[in-house]
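Enquirer: Here the protein sequences line up with chains Y and A, keeping their order.
Using my numbering, the first residue of the first sequence is number 427, and each one after it goes up by one.
Using my numbering, the first residue of the second sequence is number 46, and each one after it goes up by one.
Even for Gly, the Cβ is constructed at its ideal location relative to N, Cα and C.
Predicted model, so just to flag it, every value in this text is computed and none were measured.
The structure follows.
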Amino acid sequence: MMSILSVTGLRKEYKNMTAVRGVDFSLPEGKCIALIGPNGAGKTTILRILAGLLKQTDGAVTFSGKETNADIRKFIGYLPQYPVFPSWMTAREFLLFSGEIAGLTKEEAARRAEDLAEQVGITNALDKRISDFSGGMKQRLGIAQAIIHSPQLLLLDEPVSSLDPIGRRDVLTLLERLKKEMTILFSTHILNDAEEVCDELLLLHDGEINEAGSMEALREKYQTSVIEVEFQENRQRYLEKLKQLPGITACTLERQIIKIPVADIAQARKEIFQAAAEENWPIIGFNLNRASLEDLFMKAVKK
Amino acid sequence: MRQWQTLVKKELLGNFRDRKWIWVPIVLILLAVMDPVSNYYLPQILDAVGGLPDGAIYEMPQVTGIDAITMSISQLSSLGILIFVLISMGTIAGERKSGIAELILVKPVSYTAYIMSKWTALLALVLVSYIVSMLFAWYYIGMLYEFIPIGDFLLLLFFYGLWFILVVTLSIFYNTVFRSPGLVAFSTIATIIVLSVVTSMFGQKLNYSPSNLSNHALHYLQTGDISGALIGSAVTTISICALLLVWSIYIFQTKEHAS
Ligand SMILES: Nc1ncnc2c1ncn2[C@@H]1O[C@H](COP(=O)(O)OP(=O)(O)OP(=O)(O)O)[C@@H](O)[C@H]1O
Ligand SMILES: [Mg+2]
Numbered sequence: 427m428m429s430i431l432s433v434t435g436l437r438k439e440y441k442n443m444t445a446v447r448g449v450d451f452s453l454p455e456g457k458c459i460a461l462i463g464p465n466g467a468g469k470t471t472i473l474r475i476l477a478g479l480l481k482q483t484d485g486a487v488t489f490s491g492k493e494t495n496a497d498i499r500k501f502i503g504y505l506p507q508y509p510v511f512p513s514w515m516t517a518r519e520f521l522l523f524s525g526e527i528a529g530l531t532k533e534e535a536a537r538r539a540e541d542l543a544e545q546v547g548i549t550n551a552l553d554k555r556i557s558d559f560s561g562g563m564k565q566r567l568g569i570a571q572a573i574i575h576s577p578q579l580l581l582l583d584e585p586v587s588s589l590d591p592i593g594r595r596d597v598l599t600l601l602e603r604l605k606k607e608m609t610i611l612f613s614t615h616i617l618n619d620a621e622e623v624c625d626e627l628l629l630l631h632d633g634e635i636n637e638a639g640s641m642e643a644l645r646e647k648y649q650t651s652v653i654e655v656e657f658q659e660n661r662q663r664y665l666e667k668l669k670q671l672p673g674i675t676a677c678t679l680e681r682q683i684i685k686i687p688v689a690d691i692a693q694a695r696k697e698i699f700q701a702a703a704e705e706n707w708p709i710i711g712f713n714l715n716r717a718s719l720e721d722l723f724m725k726a727v728k729k
Numbered sequence: 046m047r048q049w050q051t052l053v054k055k056e057l058l059g060n061f062r063d064r065k066w067i068w069v070p071i072v073l074i075l076l077a078v079m080d081p082v083s084n085y086y087l088p089q090i091l092d093a094v095g096g097l098p099d100g101a102i103y104e105m106p107q108v109t110g111i112d113a114i115t116m117s118i119s120q121l122s123s124l125g126i127l128i129f130v131l132i133s134m135g136t137i138a139g140e141r142k143s144g145i146a147e148l149i150l151v152k153p154v155s156y157t158a159y160i161m162s163k164w165t166a167l168l169a170l171v172l173v174s175y176i177v178s179m180l181f182a183w184y185y186i187g188m189l190y191e192f193i194p195i196g197d198f199l200l201l202l203f204f205y206g207l208w209f210i211l212v213v214t215l216s217i218f219y220n221t222v223f224r225s226p227g228l229v230a231f232s233t234i235a236t237i238i239v240l241s242v243v244t245s246m247f248g249q250k251l252n253y254s255p256s257n258l259s260n261h262a263l264h265y266l267q268t269g270d271i272s273g274a275l276i277g278s279a280v281t282t283i284s285i286c287a288l289l290l291v292w293s294i295y296i297f298q299t300k301e302h303a304s
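Here is the structure:
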């Protein structure tokens, strides 16, 4: 797969701490990649380095074959975590301005401004002062200005964290659409957001990438499922019996339900059903729970 | 060039929207005409508040047009400069501190265009305010005292204007060095004061110092000949401005632009 950007040995030291400790990754072209990590993991730092706003202490960022020190800003769109606009401008003025400094002609910029306002849903507010915008509208305007020059790579720092459920829905839908036109790297600490639109994950913790890969591959890797069995009576006794079965290492009784984490679902199921049939266990519920991505996240972070 | 234009347009619009284009010229006009006018009406003012005590003899010194314009200039040199520093202290530093610069500089904007646009827009405001206020002063002085020949006045306007260009350039320079507008203002004023003090201490050796511009220009008004020192000061000032601009751009390029 062609990668649009590759990063090797990236390090960033602030005055008194190291925020990014030598990370390597590459962004496959045309994909949507999520940079996931808890607060303080270094997400913003990495995105700012990629956008050219911070200088790395060490390491290289290469943009699909271009020189390491070429001006790659033309190919990049960026939305900061907390964007601050010249609030005395109207949204239209700001979009025109952004387009023109990014190299569009006046006419192109004007056309893009209309078009993007429509896409992000601020057409009605286009001629309002930005100082009168709500947080959600600002976030939409922020996305519009980031893509006004049709960049090849779009960097979004927590684009949905500050939005209400409707705004979040809108932005995720928008990303889904943009994915067809550009590579997207966005940071978030909310797994659901990543899960919804992303093809690839970069799991960042404490300035290091703990895990990277496609969504499916990661799910597979961390797959552990939990079998939940509910008995009509004598739960304690059956708990002991279950523990004796081959292939089952641990099980717990939580709120009347016995939970059995297993690696090999098929094997465990066979054992349980066999025993249940032979001894006529009073089973009233049988459930298979696949581990959520959230558990995966916790696991990878704790590693 | 197109980028520079776009950026200048944004700056001008910003200064217009927050009324700088209105209040800065007005305050400057007040500063420039206040002293010549109040000096003219001093006898009446004294009368109105009860006159002088008996026995005191007050003789009005003969005030020439040049004396009067000197008063205007001394106001502009102190309070005027303070205002110019105030309006320029955050032009880049504030934008970086707030995070607006992040949105601009992540676009493929040349740092030279960015700095030069700030300089140009600021200079436009400062010079227009300065010229308008001096024209007002010239007119009132002409009505109340005597008219300064227009050619002489324009020469004064030009050479003394260089001093304000230096002030703006200094402020732009410190704007690229510091991220705090307060620190920018402090450093700019401190530099101007140090320059003036050093110049007056070593007056002879530093005859070409920028802070001698107003002295030399006023001297020209009195004597009518353009001295080598006036040209010298002008050349020094322009050179320092050019140097500061190049240096500012260099410093800015080496800085990180995230807030
Ligand atoms: N300018 C700075 N000076 C010093 N330390 C900094 C600076 N910026 C960030 N840091 C530190 O670097 C670490 C990573 O910060 P960063 O903002 O990249 O995290 P993040 O993953 O974006 O967090 P969040 O989810 O809260 O936005 C943090 O510990 C932070 O305190
Ligand atoms: Mg962050």
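Among A:Val-82, A:Gly-277, A:Ile-237, A:Phe-231, which has the Cα closest to the Cα of His-261 (chain A)?
Expert: Here the question's residue 261 (chain A) lines up with position 216 in the second sequence. Measuring from the Cα of His-261 (chain A), the nearest candidate turns out to be A:Gly-277.
Enquirer: Is Gln-298 (chain A) close to chain Y, meaning its C-beta is less than 8 Å from at least one C-beta of that chain?
Expert: Within the second sequence, the letter at position 253 stands for residue 298 (chain A). Judged by the 8 Å Cβ criterion, Gln-298 (chain A) is not in contact with chain Y.
Enquirer: Verify whether the separation of the beta carbon atoms of Leu-598 (chain Y) and Glu-626 (chain Y) is less than 8 Å.
Expert: Taking the first residue of the first sequence as 1, we reach residue 598 (chain Y) at position 172. Taking the first residue of the first sequence as 1, we reach residue 626 (chain Y) at position 200. No, the Cβ-Cβ distance between Leu-598 (chain Y) and Glu-626 (chain Y) is not below 8 Å.
Enquirer: Quick one: residues with CB closer than 5 Å to any heavy atom of ligand 1, in chain order, please.
Expert: Chain-ordered list of matching residues: Y:Tyr-440, Y:Ala-445, Y:Asn-465, Y:Gly-466, Y:Ala-467, Y:Gly-468, Y:Lys-469, Y:Thr-470, Y:Thr-471.
Enquirer: Give a yes or no on whether the minimum CB-CB distance between Ala-528 (chain Y) and chain A is below 8 Å.
Expert: Indexing the first sequence from 1 puts residue 528 (chain Y) at position 102. Yes - at least one Cβ of chain A is within 8 Å of the one on Ala-528 (chain Y).
Enquirer: What does the Cβ neighbour count give for Met-608 (chain Y), buried or exposed, with the cut at 16 atoms within 10 Å?
Expert: Counting from 1 along the first sequence, the entry for residue 608 (chain Y) is found at position 182. Met-608 (chain Y) comes out buried.
Enquirer: Return yes when the C-beta of Glu-584 (chain Y) is under 7 Å from any heavy atom of ligand 2, and no when it is not.
Expert: If you number the first sequence from 1, residue 584 (chain Y) lands on position 158. Yes, the beta carbon of Glu-584 (chain Y) sits closer than 7 Å to at least one heavy atom of ligand 2.
Enquirer: Kindly examine ligand 2 and report whether one of its heavy atoms sits closer than 7 Å to the Cβ of Gln-507 (chain Y).
Expert: On the first sequence, residue 507 (chain Y) is found 81 positions in, with the first residue counted as 1. Yes; taking the cut-off as 7 Å, the Cβ of Gln-507 (chain Y) has a heavy atom of ligand 2 nearer than that.
Enquirer: Comparing C-alpha positions only, which one of Y:Ser-588, Y:Ser-576, Y:Asp-558 sits nearest to Gln-565 (chain Y)?
Expert: Taking the first sequence and counting its residues from 1, one reaches residue 565 (chain Y) at position 139. The option with the nearest alpha carbon to Gln-565 (chain Y) is Y:Ser-588.
Enquirer: From Y:Pro-585, Y:Glu-544, Y:Val-487, pick the residue whose C-alpha is nearest to that of Leu-453 (chain Y); which is it?
Expert: Locating residue 453 (chain Y) in the first sequence gives position 27, where the first residue counts as 1. When each option's Cα is compared against that of Leu-453 (chain Y), the closest is Y:Val-487.
Enquirer: Name the residues in the segment 660-686 of chain Y whose C-beta lies less than 8 Å from a C-beta of chain A; which are they?
Expert: Going along the segment 660-686 of chain Y in chain order, one finds no residue with a Cβ nearer than 8 Å to chain A.
Enquirer: Residues in its own chain within less than 7 Å of Ile-294 (chain A) by CB, not counting five upstream and five downstream?
Expert: Residue 294 (chain A) sits at position 249 when you count from the first residue of the second sequence. Only Tyr-156, Thr-157, Ile-160 meet the Cβ criterion.
Enquirer: Does any CB atom of chain A fall closer than 8 Å to the CB of Phe-723 (chain Y)?
Expert: Counting from one through the first sequence, the residue named residue 723 (chain Y) turns up at place 297. Not an interface residue.
Enquirer: Rounded to a whole number of angstroms, what is the C-alpha to C-alpha distance between Ser-254 (chain A) and Ala-287 (chain A)?
Expert: Translated into the one-based positions of the second sequence, residue 254 (chain A) becomes position 209. Translated into the one-based positions of the second sequence, residue 287 (chain A) becomes position 242. Each residue's alpha carbon lies about 15 Å from the other.
Enquirer: List the residues of chain A that Asp-497 (chain Y) touches, going by C-beta distances under 7 Å, in chain order.
Expert: Here the question's residue 497 (chain Y) lines up with position 71 in the first sequence. Neighbours of Asp-497 (chain Y) on chain A, chain order: Pro-153.
Enquirer: Can you give me the start and stop residues for the alpha helix (DSSP H) that Pro-194 (chain A) sits inside?
Expert: Translated into positions along the second sequence, residue 194 (chain A) becomes position 149. Taken as a continuous stretch (DSSP letters only), Pro-194 (chain A) belongs to no alpha helix (DSSP H), as it is neither H nor E.
Enquirer: Cα-Cα, which of A:Gly-187, A:Glu-140, A:Thr-136, A:Leu-201 is closest to Thr-268 (chain A)?
Expert: Your numbering for residue 268 (chain A) matches position 223 in the second sequence. Among A:Gly-187, A:Glu-140, A:Thr-136, A:Leu-201, the Cα nearest to that of Thr-268 (chain A) is on A:Leu-201.
Enquirer: For Glu-519 (chain Y) and Asp-553 (chain Y), I'd like the C-alpha separation in whole angstroms.
Expert: As a first step, residue 519 (chain Y) must be located in the first sequence, where it is residue number 93. As a first step, residue 553 (chain Y) must be located in the first sequence, where it is residue number 127. Each residue's Cα considered, the two are about 8 Å apart.
Enquirer: Using three-state DSSP, classify Thr-244 (chain A) as helix, strand or coil.
Expert: As a first step, residue 244 (chain A) must be located in the second sequence, where it is residue number 199. Reduced to three states, the DSSP call for Thr-244 (chain A) is helix.
Enquirer: Which residue marks the beginning of the beta strand (DSSP E) containing Val-484 (chain Y), and which one marks its end?
Expert: Taking the first sequence and counting its residues from 1, one reaches residue 484 (chain Y) at position 58. Strictly speaking, residue 484 (chain Y) in this sequence is Asp, with Val absent from that position. First-last of the beta strand (DSSP E) with Asp-484 (chain Y): 484-489.
Enquirer: Chain A partners of Lys-441 (chain Y), CB-CB under 8 Å?
Expert: Here the question's residue 441 (chain Y) lines up with position 15 in the first sequence. Result: empty, since nearest Cβ-Cβ is about 12 Å, beyond 8 Å.
Enquirer: By alpha-carbon positions, which one of Y:Ser-432, Y:Thr-614, Y:Glu-540 ends up nearest to Glu-455 (chain Y)?
Expert: Translated into positions along the first sequence, residue 455 (chain Y) becomes position 29. Closest option to Glu-455 (chain Y), Cα to Cα, is Y:Ser-432.
Enquirer: Give the single residue among Y:Leu-476, Y:Ser-429, Y:Leu-461 whose Cα lies nearest to the Cα of His-302 (chain A).
Expert: Position 257 of the second sequence, counted from the start, is the residue given in the question as residue 302 (chain A). The shortest C-alpha separation from His-302 (chain A) is found at Y:Leu-476.
Enquirer: Of all the CB atoms in chain A, is at least one closer than 8 Å to the CB of Leu-480 (chain Y)?
Expert: By one-based count along the first sequence, residue 480 (chain Y) stands at place 54. So yes, Leu-480 (chain Y) belongs to the interface.
Enquirer: Name, in chain order, the residues that DSSP records as bridge partners for Val-652 (chain Y).
Expert: One-based indexing of the first sequence puts residue 652 (chain Y) at position 226. Val-652 (chain Y) pairs with Y:Pro-687, Y:Asn-715.
Enquirer: Taking all protein chains shown into account, decide if Val-280 (chain A) is buried (16 or more other Cβ within 10 angstroms of its Cβ) or exposed.
Expert: Reading the second sequence from its first residue, position 235 is the one you call residue 280 (chain A). Classification of Val-280 (chain A): exposed, given that the 10 Å Cβ count is below 16.
Enquirer: Excluding the 5 residues flanking Gly-478 (chain Y) on each side, which residues of the same chain have their C-beta closer than 6 Å to its C-beta?
Expert: Within the first sequence, numbered from 1, the residue matching residue 478 (chain Y) stands at position 52. Cβ neighbours of Gly-478 (chain Y) beyond the five flanking positions: Arg-499.
Enquirer: Keeping to the same chain, check which residues put their C-beta closer than 7 Å to that of Ser-216 (chain A); ignore five residues upstream and five downstream.
Expert: Within the second sequence, numbered from 1, the residue matching residue 216 (chain A) stands at position 171. Cβ neighbours of Ser-216 (chain A) beyond the five flanking positions: Val-130, Ser-133, Met-134, Val-229, Thr-233.
Enquirer: Would you say Val-510 (chain Y) reaches chain A, if we count a Cβ-Cβ gap shorter than 8 Å as a contact?
Expert: Position 84 of the first sequence, counted from the start, is the residue given in the question as residue 510 (chain Y). Output row for Val-510 (chain Y): interface = yes.
Enquirer: List the endpoints of the continuous alpha helix (DSSP H) containing Arg-77 (chain A).
Expert: Translated into positions along the second sequence, residue 77 (chain A) becomes position 32. Note that residue 77 (chain A) is Ala in the sequence shown here, rather than Arg. First-last of the alpha helix (DSSP H) with Ala-77 (chain A): 65-85.
Enquirer: Short of 8 Å in beta carbon distance, which residues of its chain neighbour Leu-604 (chain Y), apart from the five on each side in sequence? Order them along the chain.
Expert: By 1-based counting over the first sequence, the position of residue 604 (chain Y) is 178. So the list reads Ile-573, Leu-580, Ile-610, once near-sequence residues are dropped.
Enquirer: On the DSSP bridge list, what partners appear for Glu-680 (chain Y)?
Expert: As a first step, residue 680 (chain Y) is located in the first sequence; it is residue number 254 there, counting from the start. DSSP output for Glu-680 (chain Y) lists Y:Ile-683 as bridge partner(s).
Enquirer: Find the residues of chain Y that neighbour Thr-51 (chain A), judging by a C-beta separation of less than 8 Å, and give them in chain order.
Expert: Here residue 51 (chain A) is taken as the residue at index 6 of the second sequence, counted from 1. Within chain Y, the residues near Thr-51 (chain A) are Phe-523, Glu-526, Ile-527.
Enquirer: For Lys-685 (chain Y), which residues of its own chain have a beta-carbon under 6 Å away from its beta-carbon, when the five flanking residues on both sides are left out?
Expert: As a first step, residue 685 (chain Y) must be located in the first sequence, where it is residue number 259. Counting only Cβ-Cβ distances below 6 Å, and skipping sequence neighbours, we find Val-652, Glu-654, Thr-678.
Enquirer: With three or more C-beta pairs closer than 8 Å as the rule, is the segment 536-544 of chain Y touching the segment 114-129 of chain A?
Expert: Output reads no: the segment 536-544 of chain Y does not touch the segment 114-129 of chain A.
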